[in-house]
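Participant:
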Amino acid sequence: MLTPSLMHHLSIVPDFRQAWKVQHQLSDILFLTVCAVICGAEGWDEIEDFGHAKLDFLRQYGDFEAGVPSHDTLARVMALVNA
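For the sequence shown, the UniProt record's numbering assigns the number 1 to the initial residue and increments by one for each residue that follows.
Laid out in structure tokens, this is it:
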């Protein structure tokens, strides 16, 4: 299965957020976003909904200790990654 390899690649993306403010790991946010979009999610609300529906699956590969990030968090963090 390619998922562990995908998580490895996602985990090396640099995270420039202030560490003391981080509640969700960047690799978890990226993994959730990639999986949701591959499954047809369009927009941050649908990505968040996918995360809640598939949280058990997502936790097989990521931590998701704080649960699923909100759609606002997803949008904000992904805007930083794209910057």
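No residue lacks a Cβ here, since even glycine has one placed at the ideal position from N, Cα and C.
In whole angstroms, what separates the C-alpha of residue 81 from that of residue 27?
Facilitator: For residue 81 and residue 27, the distance between alpha carbons rounds to 11 angstroms.
Participant: What does the alpha-carbon distance come out to for the pair residue 10 and residue 30?
Facilitator: In a straight line, the C-alpha of residue 10 is about 7 angstroms away from that of residue 30.
Participant: Tell me, to the nearest whole angstrom, how far the beta carbon of residue 74 is from that of residue 47; I am working on the premise that it is less than 8 angstroms.
Facilitator: About 6 angstroms separates the two Cβ atoms, so the contact holds.
Participant: To the nearest angstrom, how far is the alpha carbon of residue 64 from that of residue 33?
Facilitator: Each residue's alpha carbon lies about 13 angstroms from the other.
Participant: CB-CB under 8 angstroms to residue 7, same chain, minus the five flanking residues each way: which ones, in chain order?
Facilitator: Contacts found: 27, 31, 61 and 62.
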